[in-house]
Structures are given as structure tokens and as C-alpha cells.
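Residue numbers for the sequence shown follow the UniProt record's numbering, beginning at 1 and rising by one. Just so you know, even glycine gets a beta-carbon here, dropped at the ideal spot from N, CA and C. Owing to the predicted nature of the structure, the values given are computational and were not obtained by experimental measurement. A short write-up of the structure that comes next.
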Amino acid sequence: MNVHKQMCWCFEVFCGVLTNLTYRFFIELSDASYRMRSLCCCKRKQEANECGKCGTFKGLPERHFGDLGVVKDATEDFYKEVSRDAAENLLKNKQDGTFIIRPSKNCNLGTLSVVQDRKIFHLNVRKREDGMVALGTEKDNEKCFQDVNSLINYYISNYLVLYSRGVKTLTLLLPYREKTIC
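Laid out in C-alpha cells, this is it:
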């Protein structure tokens, strides 16, 4: 009987991961097709930021995002300049692991807000004394990254450990998207 429960649990985890990966695949496919359609085909004015013929931009514009500084891909849907309450409203009906990066009221780079099991977790994204980026409060042997994008990319394919009232939960990050695929 115990082996049967373990098999069911493994199958449930497998199905969850497979669903998450399939969803991400279709989001990436959708984004790639959108980017391909929005590329400028004009060869004139290549040195200019904007094409004079069709008005599209070459490359992503940079923008300033709170204490994160200039972020090249801050045009991603998961970078949101919203409050904690607004972040919770954005995430409340989303799939487990869906996250946004938002400004922090503290002296941090920002806050990672992520939904898991219908709870919203808010984790500080902070710069360490050595210049590396880490999540939450300082800990011994903590995982650290060169920048925020490296942190996000790592936790998209590696489990992020979340704690709520002493209960440990694992989740894979899934970037917030404005649009959904039917």
C-alpha cells in the first residue's frame, strides 16, 4: 500500500511538472512568434533606434526599474511597478509558481512575489556585500547570482523553497504573463 502511495505521489508531481513545462513551452512559442512578426524588415537606417519606414524598434529599449537600475528586459510582463496589494491581486488566480518582480519599500533591489497553493509569498531580492544577488534574509551557504535575471532563470528550472507557518513547499517559477493562451 505504501509503494502505491509513493507511485501516486510521483505521478502527481510528474504531471504537475509536465503541465508547467508544456505551459511554458507554449508561452515561449507564442512570444517567439510575436517577436518574429514585430521585427523590422527594413535595411535602411540600421544605425537608428527606430525604423523610419515601419516605426518598429530594433531590440528592446532599456528602462529604469526601481532600485534594480536599468534592466534591458524590463519590458517583460513579470516586471511590475505595483504595490504589495496590487501584486496580490495580479497573482491571486494564477497558476502555482507564477511570479512578478516589483519595487521594494525596504533597501532591497526589489521583491519577488510568487503564488503557491493559493498563498502569495513576498521574498526580498537583495544585493549582498560581495555584489551578488540573493533571495530573502541572509543565510549560511545561500544560493547567490550575478544578477536578477540569473536568479529568475535558475528558479525557473530548479525548485524554490518556500516556508509558511513551518510548512516547506517547493515551486518552479513561472513568469507572469498579461495574455493567456487558450
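{"Item": "So which of Val-133, Leu-162 and Gly-166 has the shortest CA-CA distance to Asn-153?", "Value": "Val-133"}
{"Item": "Using the beta-carbon count (16 or more within 10 Å), is Ser-164 buried or exposed?", "Value": "exposed"}
{"Item": "Taking contact to mean 3 or more Cβ pairs, one atom from each stretch, closer than 8 Å, check whether the region 119-130 and the region 85-100 are in contact.", "Value": "yes"}
{"Item": "Is Phe-121 close to chain B? Criterion is C-beta to C-beta, closer than 8 Å.", "Value": "Among the chains in the structure shown there is no chain B, since it carries only a single protein chain."}
{"Item": "Is it right to say Gly-110 is buried, meaning 16 or more other beta carbons lie within 10 angstroms of its own, or is it exposed?", "Value": "buried"}
{"Item": "Below 6 Å CB to CB, which residues in the same chain sit around Val-82 once its five sequence neighbours on both sides are set aside?", "Value": "Arg-102"}
{"Item": "Per DSSP, what kind of secondary structure is Gly-16 in: helix, strand or coil?", "Value": "helix"}
{"Item": "Any idea if Thr-19 is buried or exposed, counting beta-carbon neighbours within 10 angstroms, 16 or more meaning buried?", "Value": "exposed"}
{"Item": "Please classify Gln-146: is it buried, with 16 or more other beta-carbons within 10 angstroms of its beta-carbon, or exposed?", "Value": "exposed"}
{"Item": "Select from Val-115, Glu-76, Lys-80 and Arg-84 the residue whose C-alpha is nearest the C-alpha of Lys-92.", "Value": "Val-115"}
{"Item": "Check this for me: beta carbons of Tyr-176 and Leu-90, under 8 Å apart or not?", "Value": "yes"}
{"Item": "To the nearest angstrom, how far is the alpha carbon of Asp-85 from that of Leu-112?", "Value": "13 Å"}
{"Item": "Whole angstroms are fine: how far does the CA of Glu-138 sit from the CA of Phe-14?", "Value": "32 Å"}
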